[in-house]
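Undergrad:
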Ligand code: XIL
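In the numbering used here, the protein residues as written are 18 to 440.
(1) Out of 402, 261 and 275, which has the shortest C-alpha to C-alpha gap to residue 234?
(2) What is the C-beta distance between residue 326 and residue 403, in whole angstroms, given that I count them as a contact (C-beta under 8 angstroms)?
(3) Should residue 208 be counted as a contact of the ligand XIL given a C-beta to heavy atom distance under 8 angstroms?
(4) Residue 301: buried (16+ other C-beta within 10 angstroms of its C-beta) or exposed?
(5) How about residue 126: is its Cβ closer than 8 angstroms to a heavy atom in the ligand XIL?
(6) Who are the Cβ neighbours of residue 359 in its own chain at under 8 angstroms, not counting the five residues just before and after it?
(7) Taking 9 angstroms as the cut-off, decide whether the C-beta atoms of residue 17 and residue 415 are in contact.
(8) Among 349, 341, 323 and 146, which has the Cα closest to the Cα of residue 306?
(9) Apart from the five residues on each side of it in sequence, which residues of its chain come closer than 6 angstroms, Cβ to Cβ, to residue 369?
(10) Would the region 202-219 count as touching the region 170-179 if we require 3 or more Cβ pairs under 8 angstroms?
(11) Indicate the three-state DSSP secondary structure (helix, strand or coil) for residue 178 in the structure shown.
(12) According to the neighbour-count rule (16 or more other Cβ atoms, all chains shown, within 10 Å of its Cβ), is residue 246 buried or exposed?
(13) Is the CB-CB distance between residue 164 and residue 204 below 9 angstroms?
(14) Is it the case that the CB of residue 323 approaches a heavy atom of the ligand XIL more closely than 8 angstroms?
(15) Considering only DSSP beta bridges, list what residue 393 is partnered with.
(16) Would you decide whether residue 134 is buried or exposed? Buried here means 16 or more other CB atoms lie within 10 Å of its CB.
(17) By how many angstroms is the C-alpha of residue 292 removed from the C-alpha of residue 328?
(18) Below 8 angstroms on the Cβ atoms is my contact criterion, and I expect residue 236 with residue 185 to pass it. Report the Cβ-Cβ distance as a whole number of Å.
(19) If you draw a straight line from the C-alpha of residue 111 to the C-alpha of residue 179, how long is it?
(20) If you scan the region 256-292 from start to end, which runs of the beta strand (DSSP E) of 3 or more residues do you find wholly inside it?
(21) Grab the span of the alpha helix (DSSP H) containing residue 302 for me, first residue to last.
(22) Mind checking who residue 95 pairs with in its DSSP beta bridge?
(23) Since residue 84 and residue 146 are thought to touch, with beta carbons under 8 angstroms apart, how far apart are those beta carbons, to the nearest angstrom?
(24) Count the other CB atoms within 10 Å of the CB of residue 341; is the residue buried (16 or more) or exposed (fewer)?
(25) Mind checking which residues open and close the beta strand (DSSP E) that includes residue 118?
(26) Between residue 311 and residue 109, what straight-line distance do the alpha-carbon atoms span, to the nearest angstrom?
(27) Should residue 122 be counted as a contact of the ligand XIL given a C-beta to heavy atom distance under 8 angstroms?
(28) Check residue 203 in the structure and name its three-state DSSP category.
(29) Could you spell out the range, first to last residue, of the beta strand (DSSP E) harbouring residue 84?
(30) Between which two residues does the alpha helix (DSSP H) carrying residue 442 extend?
(31) Which of the three DSSP states is assigned to residue 133 in this structure?
(32) Any heavy atom of the ligand XIL within a distance shorter than 8 angstroms of the CB on residue 279?
(33) Heavy atom of the ligand XIL less than 8 angstroms from the Cβ of residue 229, yes or no?
(34) How many angstroms separate the CA atom of residue 199 from the CA atom of residue 253?
(35) With residue 344 and residue 378 assumed to form a contact (beta carbons below 8 angstroms), what rounded beta-carbon distance in angstroms separates them?
(36) Going by C-alpha distance, which of 125, 117 and 323 is nearest residue 189?
Here it is as structure tokens:
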């Protein structure tokens, strides 16, 4: 039983963990004793991992990264939100040794932030940020322009180029201005390119239909730049997409977009490589590095923004878990190989119980680093291997399979349904 009767995140006192981090000489890890335990009904106990133990964010900082982070879907955007009541989950999320950054999986998306035209609701986003700050964690803000999870009034509106452009400017300006420097970065435009460029390299959606592409992409970055400059912010402006982690037409299109924005004196600071991978089908470390370098060559930074490695069929077994471990190692390792210009890796949630994968990819799952009982999978030690460059055998107690995932998450409401299958 992982759920208690009290929301763990509500009323938590601040647990800021800082101080010098010892140099790594060897990487020895021991099995965490208490990740499944229910140490405290309020979640304010010692937490899932003893603070003396080095965890993922510690290793990332030692590797010169800004953070190792995770997405999280709190506060809830629907009637689920079980994470908040899950002691093991919340203790891991709130451990800044484990995560130095968090990204809202849903709460800052347009359907939640502007439910009626011109009426913005920042309550959930403010809550997300204040919880992150309580735990000394940066926030990547996600996202400003996307084709998916739009409010009904926007998705179904009758727009002209001028009226839709005005709505786009209003939303980008409002969000950037409201959150200010609480956002380390904003994903300004998300998923603008198609995988299969038969008619156009740009996705056929509201934005490309009404405003035209790449015009709406340029406008989005211009509006974002204007808001950042007007408020004197340090927030980084990112383009974010999937299937752009290996050399292909889509990643070439993204590199070209960076170049075209720069040629127009429009600011872009980073490229987010979502990194939604499949066990056994993950691009090699060298391919990931090569692709990152194709963006870095333009002087922008890069980040792995949504890393997960899913099984395309379940149940998984012990050898699949080892392949997943290697895939995590190679992905995180590519960011280390890229040096300072790859600022960090974000998992798209860390616990199989709350992954978006089973709700989006029928029959697939177990994509995360902890299993759905909050036990470490070999993938955890793969991440440590990627960050440290050391071989890290799985300690006793590591999940060894076989296993499956039964829980299905995912926002099934308005604004969804035009998605494309990934990978
Ligand atoms: C996903 C969320 O995790 C789900 O809860 C939601 O139902 C759909 O969106 N790429 C992105 C993220 O940029 O915003 C998506 O998040 C996953 C794919």
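In this text, a Cβ means the ideal position worked out from N, Cα and C, and glycines have one as well.
TA: Short version:
(1) Residue 234 sits at position 217 when you count from the first residue of the chain shown. Out of 402, 261 and 275, 275 has the C-alpha closest to the C-alpha of residue 234.
(2) To locate residue 326, count along the chain shown from 1; it is residue 309. To locate residue 403, count along the chain shown from 1; it is residue 386. Between residue 403 and residue 326 the Cβ distance is about 12 angstroms, and since that is not below 8 angstroms, they are no contact.
(3) Within the chain shown, residue 208 is the residue found at index 191, counting from 1. It does: the Cβ of residue 208 is within 8 angstroms (strictly closer) of some heavy atom of the ligand XIL.
(4) Numbered from 1 along the chain shown, position 284 holds the residue referred to as residue 301. Label assigned to residue 301: exposed.
(5) Within the chain shown, the letter at position 109 stands for residue 126. Yes, Cβ of residue 126 sits closer than 8 angstroms to a heavy atom of the ligand XIL.
(6) To locate residue 359, count along the chain shown from 1; it is residue 342. Closer than 8 angstroms at Cβ, skipping near neighbours: 82, 309, 313, 318, 319, 320, 321, 351, 352 and 353.
(7) In the structure displayed, the chain extends from 18 to 440; residue 17 sits before or after that span and is not available.
(8) As a first step, residue 306 must be located in the chain shown, where it is residue number 289. Comparing Cα-Cα distances from residue 306 to each of 349, 341, 323 and 146, the minimum goes to 349.
(9) On the chain shown, position 352 is the one that residue 369 refers to. These residues qualify, in order along the chain: 383, 385, 388, 389 and 422.
(10) no
(11) On the chain shown, position 161 is the one that residue 178 refers to. Helix.
(12) For this step, residue 246 is matched to residue 229 along the chain shown. The residue in question, residue 246, is exposed, as its Cβ has fewer than 16 Cβ neighbours within 10 Å.
(13) As a working note, residue 164 is residue 147 in the chain shown. As a working note, residue 204 is residue 187 in the chain shown. In this structure, residue 204 does not lie closer than 9 angstroms to residue 164 by Cβ.
(14) To locate residue 323, count along the chain shown from 1; it is residue 306. Indeed, a heavy atom of the ligand XIL lies less than 8 angstroms from the Cβ.
(15) Taking the first residue of the chain shown as 1, we reach residue 393 at position 376. Beta-bridge pairing links residue 393 to 387.
(16) Looking up residue 134 in the chain shown gives position 117. Burial call: exposed.
(17) As a first step, residue 328 is located in the chain shown; it is residue number 311 there, counting from the start. As a first step, residue 292 is located in the chain shown; it is residue number 275 there, counting from the start. Computed Cα separation, rounded: 14 angstroms.
(18) Position 219 of the chain shown, counted from the first residue, corresponds to residue 236. Position 168 of the chain shown, counted from the first residue, corresponds to residue 185. Their Cβ separation, rounded to whole angstroms, is 7 angstroms, which keeps residue 236 and residue 185 in contact under 8 angstroms.
(19) On the chain shown, residue 111 is found 94 positions in, with the first residue counted as 1. On the chain shown, residue 179 is found 162 positions in, with the first residue counted as 1. Each residue's Cα considered, the two are about 44 angstroms apart.
(20) 287-290
(21) On the chain shown, position 285 is the one that residue 302 refers to. From DSSP, the alpha helix (DSSP H) with residue 302 extends over 302-313.
(22) For the purposes of this step, residue 95 is taken as the residue at position 78 of the chain shown. The partner list for residue 95 (beta bridge, DSSP) is empty, contrary to what the question assumes.
(23) Translated into positions along the chain shown, residue 84 becomes position 67. Translated into positions along the chain shown, residue 146 becomes position 129. Wrong, their Cβ atoms sit about 15 angstroms apart, outside the cutoff.
(24) In the chain shown, residue 341 corresponds to position 324, counting from 1. Counting every other CB atom within 10 Å of its CB across the protein chains shown gives residue 341 a total of 16 or more, marking it as buried.
(25) Taking the first residue of the chain shown as 1, we reach residue 118 at position 101. If you look at residue 118, you'll find it in the beta strand (DSSP E) that goes 118-121.
(26) Residue 311 sits at position 294 when you count from the first residue of the chain shown. Residue 109 sits at position 92 when you count from the first residue of the chain shown. About 34 angstroms.
(27) As a working note, residue 122 is residue 105 in the chain shown. True, at least one ligand heavy atom lies under 8 angstroms from that Cβ.
(28) Here the question's residue 203 lines up with position 186 in the chain shown. Residue state, collapsed to three classes: strand.
(29) If you number the chain shown from 1, residue 84 lands on position 67. Taken as a continuous stretch (DSSP letters only), the beta strand (DSSP E) holding residue 84 covers 84-89.
(30) Because the chain in this structure spans residues 18 to 440, residue 442 falls outside the shown range and cannot be described.
(31) Your numbering for residue 133 matches position 116 in the chain shown. The three-state reading of DSSP puts residue 133 in strand, counting E and B together.
(32) In the chain shown, the residue the question calls residue 279 occupies position 262. Incorrect: residue 279 has no Cβ contact closer than 8 angstroms to the ligand XIL.
(33) In the chain shown, counting from the first residue as 1, residue 229 sits at position 212. Flag unset: Cβ of residue 229 not near the ligand XIL.
(34) The count along the chain shown starts at 1 and reaches residue 199 at position 182. The count along the chain shown starts at 1 and reaches residue 253 at position 236. Their backbone Cα atoms lie some 11 angstroms apart in a straight line.
(35) Position 327 of the chain shown, counted from the start, is the residue given in the question as residue 344. Position 361 of the chain shown, counted from the start, is the residue given in the question as residue 378. That pair is no contact at about 16 angstroms.
(36) Stepping through the chain shown from its first residue, residue 189 is reached at position 172. Out of 125, 117 and 323, 125 has the C-alpha closest to the C-alpha of residue 189.
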